[in-house]
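Written out below as structure tokens is the structure these notes cover.
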Amino acid sequence: MTALVFDNRFLRELPGDPEQGARRRQVRGAAWSPVTPTPVAAPRLLAHSPEVAALLGISAQRLHAPAFAEVFGGNALYPGMQPWAANYGGHQFGHWAGQLGDGRAISLGELLADGRRWELQLKGAGPTPYSRGADGRAVLRSSIREFLCSEAMHHLGVPSTRALCLVATGERVVRDMFYDGRPQAEPGAVVCRVAPSFLRFGSFELPAARGEQALLQRLVDVCIDRDFPHLAAGPSRRADWFAEVCTRTATMVAQWMRVGFVHGVMNTDNMSILGLTLDYGPYGWVEDYDPDWTPNTTDAQDRRYRFGAQVQVAYWNLVRLAQALAPVFGEAGPLQAGLDAFRARQADEERAHLVAKLGLDACREGDEALMARFQELLQRGEMDMTLAFRGLAGVDPRQADAGTLEAAFYSPARRAEVMPDLLAWLDQYAARVRDAALPGEVRRRQMAAANPKYVLRNWLVQQAIDRAEQGDPAGIADLLEVMRHPCDEQPGREAFAQRRPDWARERAGCSMLSCSS
Ligand code: AMP
Ligand code: MG
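Numbering (my numbering), first residue to last: 1413 to 1929.
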């Protein structure tokens, strides 16, 4: 086996905490703390992503050697690994929360593979200085959810952190899932997340809030050098960087809106500086279309992070980042320009997705209204977002009917109520498609690529979780396999492209989720 090569720039170029170990503390003037994963009883590899293993140059031989589960369960290190927990703060649900940091994530090192740099990070690897009152662990159910969604998002074309593997710890973790005073022991697990960088908006907000100018400045420079090396040196480098953070964030959120993804906890500590979807907790996928829906029970009252609010929230979060960066920039102009670039990119992306999802030639006058009316119909008709958009590709522009949309209805009563208006809309849509005059095959291919058939519906994941908790992890690999080609027709796998079944409507984990993880 060829050796893995680590080059831990984060540690080398940013100031660290002089104290080693997990004593809970406020860490000032430092971007990270040295801390090793806490060993677990019986690490066992439950699942891995073949694409991520290939990206990292991890061979099948290494994957299946006993040392692999030891390393990725937290019991051993490969040569060159130097574990640390990162320090950051964040705005949680609209309020400044002070120091948060990696309370249960521990980075192992920056792996160099094929000219690229990948930070490997265990989640659930035990306590760190940032664990506050918690145990630093993660339960199997939330780890399966993070592992699968990281990869599903990537295959859907949504920028995301990746996941290399999922390791069972052989230990139990106690969680009060419903926050009702009935804690239970659940199986524990560790996910290895992979990204070029796990810096968050909150990484910059914390030193800014503490007046740690030198650290803030250093973080900006290291982030640009390490994570944005394509930006040319020169007087506008920092401005270009902030603008790119803004436009990447716009692209990411526009992709969420395209596929019906709801993050659930868009706190600034969960916003990646690279515009990657980060921290999979109580996320969900829109089924019956509702812009006001959030899967997060903790946010059920205010619905701050509801589906339809995500673009606005991303902008709000960027404003927090801009405020944190103000002392580094010294003038407001470049920061405002970045925020404006968010708006412009967001509008461009939304129009591009509209064109692709409806199968048009371009975004012309009236098309945005056409899309808005379709979305209204989806909501009034309580239609499944994924199945409805997928069904549109089957609409014959010479003779439009609702046949290919029938699978999207959850309620016969709602169907009946909305059908006259839906048929009227389909006539307008068909006229617009005729006007676009794309060859049928081109239109269908474009629509299939923009409207996935398979998304990671919570109840599908829950079925894989139920099986894994009974000792059979095969459902995880099965679901991952389906999600590797979300836009292809996959004969024999229709069960993965269904409306939410009735049993899943109220079951925990299948629609609504708590933050307990
Ligand atoms: P989240 O809402 O999952 O992004 O977590 C917010 C903060 O709580 C982060 O600083 C996490 O590291 C920390 N945290 C969440 N769960 C745990 C846990 N079980 N042990 C230690 N820290 C945790
Ligand atoms: Mg987080």
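Don't be surprised by glycine CBs; every beta carbon is placed ideally from N, CA and C.
Q) Thinking just about the alpha-carbon of each residue, which of A1575, R1846, S1572, E1598 is nearest to the one in R1584? A) Taking each of A1575, R1846, S1572, E1598 in turn and checking the Cα distance to R1584, the smallest one comes out for E1598.
(Q) Looking at ligand 2, does it come within less than 7 Å of N1729, judged from the CB to the closest heavy atom? (A) Short note on N1729: C-beta not closer than 7 Å to any heavy atom of ligand 2.
Q) Within 10 angstroms of its Cβ, does F1821 collect 16 or more other Cβ (buried), or is it exposed? A) By the neighbour-count rule (16 or more Cβ atoms within 10 Å), F1821 is buried.
Q. Got a sec? Which residues, its chain only, sit under 7 Å from A1753 by beta carbon, not counting five neighbours each side?
A. Within its own chain, the residues whose Cβ lies closer than 7 Å to the Cβ of A1753, once the five positions on either side in sequence are excluded, are A1655, C1658, T1659, listed in chain order.
Q.
What would DSSP say about D1700, mapped onto helix, strand or coil?
A. Residue state, collapsed to three classes: strand.
(Q) Please classify G1502 as buried or exposed, where buried requires at least 16 other C-beta atoms within 10 Å of its C-beta. (A) Residue burial is scored here from C-beta neighbours: G1502 has at least 16 other C-beta atoms within 10 angstroms and is therefore classed as buried.
Q. What's the C-alpha gap between P1430 and S1684?
A. Cα to Cα, the separation comes out at about 26 Å.
Q.
Between S1461, E1788, L1628, V1845, which has its C-alpha nearest F1741's C-alpha?
A. Ranked by Cα distance from F1741, the first of S1461, E1788, L1628, V1845 is L1628.
Q. What is the residue span of the beta strand (DSSP E) that C1604 lies within?
A. For C1604, the enclosing beta strand (DSSP E) starts and ends at 1596 to 1607.
Q) Who are the near neighbours of L1751 in its chain, counting only those whose CB is closer than 8 Å to its CB and skipping five residues on each side? A) Cβ-Cβ distances below 8 Å link L1751 to C1658, Y1727, L1730, V1731, A1734 in the same chain, with the five nearest sequence neighbours on each side left out; the list follows chain order.
Q. Considering only residues of the same chain and omitting the five flanking positions on each side of L1643, which have a CB-CB separation below 8 Å?
A. Contacts found: I1636, R1649, D1652, W1653, E1656.
Q. Hey, would you say V1767 sits closer than 8 Å to F1673, going by beta carbons?
A. At a Cβ-Cβ threshold of 8 Å, V1767 and F1673 do not count as neighbours.
Q.
Along the chain, where does the alpha helix (DSSP H) containing Q1403 start, and where does it finish?
A. Since the first residue of the chain shown is 1413 and the last is 1929, residue 1403 is not available in this structure.
Q) At a cut-off of 7 Å, is N1682 close to ligand 2 when judged by its beta-carbon and the heavy atoms of the ligand? A) The answer is yes for N1682.
Q. Apart from the five residues just before and just after D1588, which ones in its own chain have a Cβ nearer than 8 Å to its Cβ?
A. Result list for D1588: R1594, P1595, Q1596, S1928, in chain order.
Q. Could you check where the alpha helix (DSSP H) with T1659 kicks off and where it finishes?
A. Per DSSP, T1659 belongs to the alpha helix (DSSP H) from 1649 to 1671.
**Q.** Three-state secondary structure (DSSP) of M1783
**A.** M1783 carries a helical assignment under DSSP once its states are collapsed to helix, strand and coil.
Q | Selection from A1825, A1481, G1693, P1903 that minimises the alpha carbon distance to P1451 | A | Measuring from the Cα of P1451, the nearest candidate turns out to be A1481.
Q) Between the C-alpha atoms of Q1625 and P1864, what's the straight-line distance to the nearest angstrom? A) Rounded to the nearest angstrom, the two C-alpha atoms are 45 Å apart.
Q) Mind listing, in chain order, the residues whose beta carbon lies closer than 7 Å to a non-hydrogen atom of ligand 1? A) Working through the chain, the matches are L1512, G1513, D1514, G1515, R1516, A1517, P1539, Y1542, S1543, R1544, A1546, D1547, G1548, R1549, A1550, V1677, N1679, D1681, N1682, D1691, G1693, C1927, S1929.
Q. Of the residues Q1902, D1773, V1854, I1556, which one's Cα is nearest the Cα of D1884?
A. Measuring from the Cα of D1884, the nearest candidate turns out to be I1556.
Q | Coil, strand or helix - L1834 by DSSP | A | Note: L1834 maps to helix in three-state DSSP.
Q: Give the DSSP-derived three-state secondary structure of P1371 in the structure shown.
A: With the chain represented from 1413 up to 1929, any question about residue 1371 goes unanswered, as that position is not in the structure.
Q: Report all residues from its chain with a CB closer than 7 Å to the CB of T1448; omit the five preceding and five following residues, and keep chain order.
A: So the qualifying residues of the chain are P1495.
Q. According to the Cβ coordinates, are Q1758 and A1666 closer than 8 Å?
A. In contact: Q1758 and A1666 (Cβ atoms closer than 8 Å).
**Q.** Test item: CB-CB of G1600 and L1534 under 8 Å
**A.** No, the Cβ-Cβ distance between G1600 and L1534 is not below 8 Å.
**Q.** For F1422, the nearest candidate out of H1567, P1608, A1580, G1582 (CA to CA)
**A.** For the set H1567, P1608, A1580, G1582, the Cα lying nearest the Cα of F1422 is the one of P1608.
(Q) Beta-carbon within less than 8 Å of V1634's beta-carbon, same chain only, minus the 5 sequence neighbours each way: which residues are those? (A) Taken in chain order, the residues that qualify are R1421, F1422, E1425, L1426.
Q | A1975 versus A1805 - alpha carbon distance | A | Residue coverage of the chain in this structure runs from 1413 to 1929, which leaves residue 1975 outside it and unanswerable.
(Q) Our contact map puts V1830 next to R1792 with C-beta atoms below 8 Å; I'd like the distance itself, whole angstroms only. (A) Yes, V1830 and R1792 are in contact; Cβ-Cβ is about 5 Å, under 8 Å.
**Q.** Integer Cβ distance of L1524 from V1417, believed to fall under 8 Å
**A.** Yes, L1524 and V1417 are in contact; Cβ-Cβ is about 5 Å, under 8 Å.
Q: With a 10 Å radius around its C-beta and 16 neighbouring C-beta atoms as the bar for buried, classify T1380 as buried or exposed.
A: Absent from the model: residue 1380. The displayed extent of the chain is 1413 to 1929, so no value can be given.
Q) Cβ of Y1866 within 8 Å of Cβ of A1909? A) For the pair Y1866 and A1909, the CB atoms are nearer than the 8 Å cut-off.
Q: Check D1796 in the structure and name its three-state DSSP category.
A: Assignment of D1796 by DSSP, reduced to helix, strand and coil, places it in the strand class.
(Q) Can you check which of these residues, V1551, A1800, P1647, N1499, is closest to E1881 by C-alpha distance? (A) Of V1551, A1800, P1647, N1499, the residue nearest in Cα terms is V1551.
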